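Under the UniProt record's numbering, the first residue of the sequence shown carries the number 1, and numbering increases by one thereafter.
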Amino acid sequence: MLLGGSDPAVLPERPRLLGVQGPETSGTSDIESAIEGARLLLLDALITSRRERFMSTTPVEASQFPLLLSQLMRSGPEQALPVQVICGSLDGLAQQMGADPVELLCREVLDRGHRLTILHHDLAALRIPDLQRLAVLAGAGADVRLLPRSLPTVTVVGAESALLHTSLDCPKQALLIRSPETVRALQRMHDGLRDLAVDFRLVRQAVPVLLRPSPLAEVLEKLCAGMKDESAARQMRVSVRTYRRYVANILKTLDVTSRFEAGMRVSQLGLTDLGRRLSPVSELAQ
């Protein structure tokens, strides 16, 4: 089954703005709606492919993937091609691509001057070794972004080709789709999800600092709960001045200037939810 390839995490609750009691933000709802729309679009793509009796689709084994990707990158126009990948974990992607995805994507896409965008499941991205391997791709020029839920793995190459991995039952097989209409729809889906996803570099910078057991992690939790400075400082057995110094450090880590902006950033990054879902926190990369 198409949707069997996903392993959705529990949708996060919407965190409150830091230190502010009031309505919850709507960012999580937007992401939830977009991901559900993406699932339906992927299902429609598979149904359309079957309806066309495979006139524009071809089964592809994982062992064929590296050569096929190389051929697709060379057969396109001379200008840089956009390559878009949605995946859950790099270990799973390695099974599906029949090769180390970092080496393959660097060699066939980035080193040849093409554009690479990766949408990755946030929980997998924040554990070793995915964190370091995604950092290699980001450092090589890939646009890496994180989503709070998994989707079936899709690789879109240019405007005319896409590889859709349809099920965990056959992790080493994909469908090569050559229907321009279907590929364009997959591109639009990817672009819409990208706009809602979180930049990997922001998460990589903020999460280890704010979620590793420390005073900052405790302060972040109290801020998200909407506690007043005096009450929070009393619970932590520190002075209000020290507590506010911790708050200032959090603002600096999040690269914002106010608590309101920090609340928006925490909501965007999903830091409070990641704190609940990651277990244990010590597995985060140093």
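C-beta: ideal position from N, C-alpha, C; glycine also. What you are looking at is a predicted structure, and each value in this text was computed from that prediction instead of being measured.
Quick check: residue i and residue j, are their CB atoms within less than 8 Å of each other?
i: V102; j: R133; result: yes
i: T57; j: L196; result: no
i: H114; j: L81; result: yes
i: R259; j: V198; result: no
i: V154; j: L147; result: no
i: S161; j: V183; result: yes
i: I31; j: V85; result: no
i: T257; j: L251; result: yes
i: L193; j: A62; result: no
i: Q187; j: V60; result: no
i: T253; j: A206; result: yes
i: D229; j: V238; result: no
How many Å lie between residue i and residue j at the Cα?
i: Q71; j: R149; result: 31 Å
i: L269; j: P152; result: 22 Å
i: L116; j: V219; result: 37 Å
i: D100; j: A94; result: 5 Å
i: residue 341; j: C106; result: Here the chain has residues from 1 to 286 only, and residue 341 is not among them.
i: I177; j: G98; result: 18 Å
i: Q96; j: D130; result: 16 Å
i: F65; j: S179; result: 19 Å
i: residue 292; j: D143; result: Residue 292 is absent from the model: the chain starts at 1 and stops at 286.
i: T25; j: L223; result: With a pLDDT of 47 at T25, under the threshold of 50, the modelled position of that residue is not reliable, and the figure given next carries that caveat. Straight-line Cα distance between these residues: approximately 15 Å.
i: A232; j: E181; result: 55 Å
i: A135; j: D111; result: 16 Å
i: L67; j: L202; result: 34 Å
i: A185; j: C87; result: 18 Å
i: G158; j: M73; result: 9 Å
i: E108; j: V83; result: 10 Å
i: R212; j: A34; result: 30 Å
i: H190; j: S75; result: 22 Å
i: A225; j: A124; result: 26 Å
i: A262; j: R234; result: 22 Å
i: F200; j: L69; result: 25 Å
i: N249; j: Q79; result: 44 Å
i: E221; j: R265; result: 14 Å
i: M227; j: P208; result: 23 Å
i: S89; j: D122; result: 9 Å
Reducing DSSP to helix, strand and coil, say where residue i ends up.
i: T253; result: helix
i: T153; result: coil
i: Q79; result: coil
i: D143; result: strand
i: A62; result: helix
i: S231; result: helix
i: A174; result: strand
i: A248; result: helix
i: S239; result: coil
i: A162; result: strand
i: S267; result: helix
Report yes or no: is there a C-beta of chain B within less than 8 Å of the C-beta of residue i?
i: E181; result: The question asks about chain B, but that chain is absent: this structure has only one protein chain.
Sequence ranges, alpha helix (DSSP H) only - wholly within the region 185 to 219, length at least 4: List check, alpha helix (DSSP H) in window: 200 to 211.
Whole runs of the alpha helix (DSSP H) within the region 82 to 140, excluding any shorter than 4 residues: As far as the region 82 to 140 is concerned, its whole alpha helix (DSSP H) runs of at least 4 residues are 90 to 97, 101 to 105, 122 to 125, 130 to 139.
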